[in-house]
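Peer 1: There's a structure below that I have some questions on.
Chains as they are written, first to last, in my numbering: chain A, 461 to 744; chain B, 97 to 409.
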């Protein structure tokens, strides 16, 4: 190559350069976070709702009496809100997003990213977008597959009828949408934990406890949790039990807008933190 | 042109622990050796120069660019760190190519630059093997390839010769010299004084977070020459050799080995010592079976310099 390599780059700070860099960080992060051994836990977590749906479908096939697409839909609402939303999506996203930075610190390889002529804000954004894309695709697909599996005992005709003539399509789309929003909300929180805490387990557990007791909190405090907004979007509202403090669900635009704004604020704080982040693996 | 690398009253503390203290340093182009024992602050200075850590006080600039501006800084700088760790699962080629894409190079250009860098460090055959399976020497070379891949005018290399076998070491030294001849500016660190002496135009001695000495290599070497160094010689005629050596005025002390098959000599002038030894061997008076520095650890030189400084102040 006769030209100086630097002459082949767009000007520093130009949108063209930043787009290229963002794409490269995004691709690298997708490959690292979802193509490595560390991702096995994510795949197992994503398979969990499908496994549970298979068990429920088998039970339905063995004892079909009193079962219908409507009851399956209600059962799935429980599975989704109690198991998928509170456990699978919370811990799956915490694992994926904490590791965006903490994983590279543990591998002692974060310096390779920080030694490139890319702003650290751009690295944070690229990693976050890769995390959101990867987890949304993975958990979104798992949500969709587990939802479909629930209706298999009713045959293809029953499934097609429920999905296209009934509420099935809307419900499935809502669940996938909530899953993607959960990835954005929990992902941005976990991204921050990974940047601020050397050992992120304890703060993640505190966050989990807060999200778990959300149903006991008064209305104003419910709005300080992610789960409140996600539950507000659920197609089939569920009772939180006799001890729950009932509050009006937030309107969809508030829930969606609120979670996106929360994510934007948290990613901005993560960028600020990344600019000051020091590579000192020995102390991590 | 701005100074290559400027540390302006830079201090770095890790909590209560001193990294470096009140460093004022301007490095000019050419090859500069940063020498100091392990834990002296060399890596801290290099990490400060590349923004991997931030100074507690003071500022660091490279050609006038602050280290807080990676977009401009890392177009100029390539850094081979001392961290012996890599993203898991990547081959040598992927490691370099992927990060070149983060620079902003299109994939085809990144691959071309990767190939050139890998060839330059002699790793072409192993380029498609996973870095995790590389030997220590190969890992050192892939780090070097990663640092030079975008052909930066400024190279910062932390202990680049560590783990290299003699052949690879000689090739690496040749590469540094070729880079310097091509107008690149190289700052490299080592805890082995002899290595830096071979390569560098200038040297900066670091000890316990302070700059002990800095300047043209000849000046520092003169200071070092005042410090008696110890050399071991293995030969059957150790008593005779000792007697002959004592005829030289640079000899400070001789200790015979217990088996009388060698000796340790302390001299104020290593060059003249080796010359004398050559003459004795050439004349057949002694048969040298082995020799080498017994305390060429740079710590000895620092202790000497620091003590001298302390004694004179």
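Built from N, CA and C at the ideal position, the CB exists for glycine as well. The structure displayed is predicted, hence computed values, not measured ones.
I want to verify the contact list: residues of chain A whose CB lies under 7 Å from the CB of residue 205 of chain B, in sequence order.
Peer 2: What residue 205 of chain B touches in chain A: 468.
Peer 1: Rounded to whole angstroms, what is the Cα-Cα separation between residue 272 of chain B and residue 650 of chain A?
Peer 2: Approximately 43 Å, taken between the alpha carbons.
Peer 1: Do you know whose CA, among A:578, A:588 and A:694, lies nearest residue 635 of chain A's CA?
Peer 2: A:694
Peer 1: When the Cα of residue 103 of chain B is compared with those of B:118, B:113, B:390 and B:352, which residue comes out closest?
Peer 2: Selection B:118, B:113, B:390 and B:352 evaluated against residue 103 of chain B yields B:118 as nearest (Cα-Cα).
Peer 1: Can you tell which of A:475, A:555, A:474 and A:487 has the C-alpha that lies nearest to the C-alpha of residue 665 of chain A?
Peer 2: A:555
Peer 1: Kindly give me the distance between the Cβ atoms of residue 575 of chain A and residue 175 of chain B, rounded to whole angstroms, as I take these residues to be in contact under 8 Å.
Peer 2: 5 Å
Peer 1: Looking at the structure shown, is residue 238 of chain B part of a helix, part of a strand, or coil, going by DSSP?
Peer 2: helix
Peer 1: Please confirm whether residue 344 of chain B and residue 372 of chain B have their CB atoms less than 7 Å apart.
Peer 2: yes
Peer 1: I need the straight-line Cα distance from residue 97 of chain B to residue 257 of chain B, nearest angstrom please.
Peer 2: With a pLDDT of 49 at residue 97 of chain B, under the threshold of 50, the modelled position of this residue cannot be trusted; read the value that follows with caution. Between residue 97 of chain B and residue 257 of chain B, the C-alpha separation is close to 30 Å.
Peer 1: What number of angstroms, rounded off, separates the C-alpha of residue 408 of chain B from the C-alpha of residue 164 of chain B?
Peer 2: Only weak support exists for where residue 408 of chain B lies, its pLDDT of 43 falling under 50; the value from the coordinates is given anyway. Going from the Cα of residue 408 of chain B to the Cα of residue 164 of chain B covers about 40 Å.
Peer 1: Among the candidates B:331, B:295, B:200 and B:312, whose CA atom is the shortest distance from the CA of residue 377 of chain B?
Peer 2: B:331
Peer 1: Report yes or no: do the segment 623–641 of chain A and the segment 594–603 of chain A share at least 3 C-beta pairs separated by less than 8 Å?
Peer 2: Inter-segment contact for the segment 623–641 of chain A and the segment 594–603 of chain A is present: three or more beta-carbon pairs are separated by less than 8 Å.
Peer 1: For chain B, check one thing: does any of its Cβ atoms lie closer than 7 Å to the Cβ of residue 739 of chain A?
Peer 2: yes
Peer 1: Between the segment 222–249 of chain B and chain A, which residues of the former have a C-beta closer than 7 Å to a C-beta of the latter?
Peer 2: 246 and 247
Peer 1: Would you kindly check if the distance between the Cβ of residue 513 of chain A and the Cβ of residue 606 of chain A is under 7 Å?
Peer 2: Their beta carbons are under 7 Å apart, which means residue 606 of chain A touches residue 513 of chain A by this criterion.
Peer 1: Give me the Cβ distance between residue 133 of chain B and residue 147 of chain B, rounded to the nearest whole Å; I'm assuming they're in contact under 8 Å.
Peer 2: So it is not a contact: roughly 25 Å between Cβ atoms.
Peer 1: Rounded to the nearest angstrom, what separates residue 559 of chain A and residue 387 of chain B at their Cα positions?
Peer 2: If you take the alpha carbons of residue 559 of chain A and residue 387 of chain B, they lie about 52 Å apart.
Peer 1: Looking only at its own chain, which residues have a Cβ that is under 7 Å from the Cβ of residue 674 of chain A, when we skip the five neighbours before and after it?
Peer 2: 682, 685, 687 and 688
Peer 1: On a Cα-Cα basis, can you pick out the residue from B:237, B:178, B:379 and B:246 that is closest to residue 266 of chain B?
Peer 2: Across the set B:237, B:178, B:379 and B:246, the C-alpha of B:237 shows the shortest separation from the C-alpha of residue 266 of chain B.
Peer 1: I need the straight-line Cα distance from residue 525 of chain A to residue 703 of chain A, nearest angstrom please.
Peer 2: One C-alpha to the other measures close to 32 Å.
Peer 1: Tell me, please, whether the CB atom of residue 431 of chain A is closer than 7 Å to any CB atom in chain B?
Peer 2: Any question about residue 431 of chain A goes unanswered here, given that chain A covers just 461 to 744.
Peer 1: Along the chain, where does the beta strand (DSSP E) containing residue 153 of chain B start, and where does it finish?
Peer 2: 153–158
Peer 1: Which whole runs of the alpha helix (DSSP H) in the segment 492–578 of chain A are 4 residues long or more, in chain order?
Peer 2: 500–522, 529–538, 550–566 and 570–574
Peer 1: Alpha carbon to alpha carbon, how far is residue 189 of chain B from residue 251 of chain B?
Peer 2: 20 Å
Peer 1: Using a 10 Å radius around the Cβ and a threshold of 16 neighbouring Cβ atoms, would you call residue 199 of chain B buried or exposed?
Peer 2: Per the 10 Å Cβ criterion, buried.
Peer 1: List the residues of chain B whose Cβ lies closer than 7 Å to the Cβ of residue 621 of chain A, in chain order.
Peer 2: Under the 7 Å cutoff, chain B gives no residues; its nearest Cβ is about 47 Å from residue 621 of chain A.
Peer 1: Note down, in chain order, every chain B residue with its Cβ under 9 Å from the Cβ of residue 464 of chain A.
Peer 2: The contacting residues are 247.
Peer 1: Exposed or buried, what is residue 475 of chain A when buried is set at 16 or more other beta-carbons lying within 10 Å of its beta-carbon?
Peer 2: Residue 475 of chain A comes out exposed.
Peer 1: Given 8 Å as the limit, is there contact between the segment 578–591 of chain A and the segment 477–491 of chain A, that is, 3 or more CB pairs closer than that?
Peer 2: yes
Peer 1: Return helix, strand or coil for residue 581 of chain A, following the three-state DSSP convention.
Peer 2: helix
Peer 1: Grab me the residues of residue 623 of chain A's own chain with a C-beta within less than 6 Å of its C-beta, minus the 5 sequence neighbours each way, in chain order.
Peer 2: 629
Peer 1: Would you mind working out which of A:503, A:539, A:734 and A:534 sits nearest residue 597 of chain A, comparing C-alpha positions?
Peer 2: A:503
Peer 1: Let me confirm a value: residue 179 of chain B is counted as buried when at least 16 other C-beta atoms fall within 10 Å, else exposed. Which label applies?
Peer 2: Burial call: buried.
Peer 1: State yes or no: is the beta carbon of residue 572 of chain A nearer than 7 Å to at least one beta carbon in chain E?
Peer 2: Absence of chain E from the displayed structure is noted, the protein chains being A and B.
Peer 1: Apart from the five residues just before and just after residue 139 of chain B, which ones in its own chain have a Cβ nearer than 6 Å to its Cβ?
Peer 2: Counting only Cβ-Cβ distances below 6 Å, and skipping sequence neighbours, we find 178 and 254.
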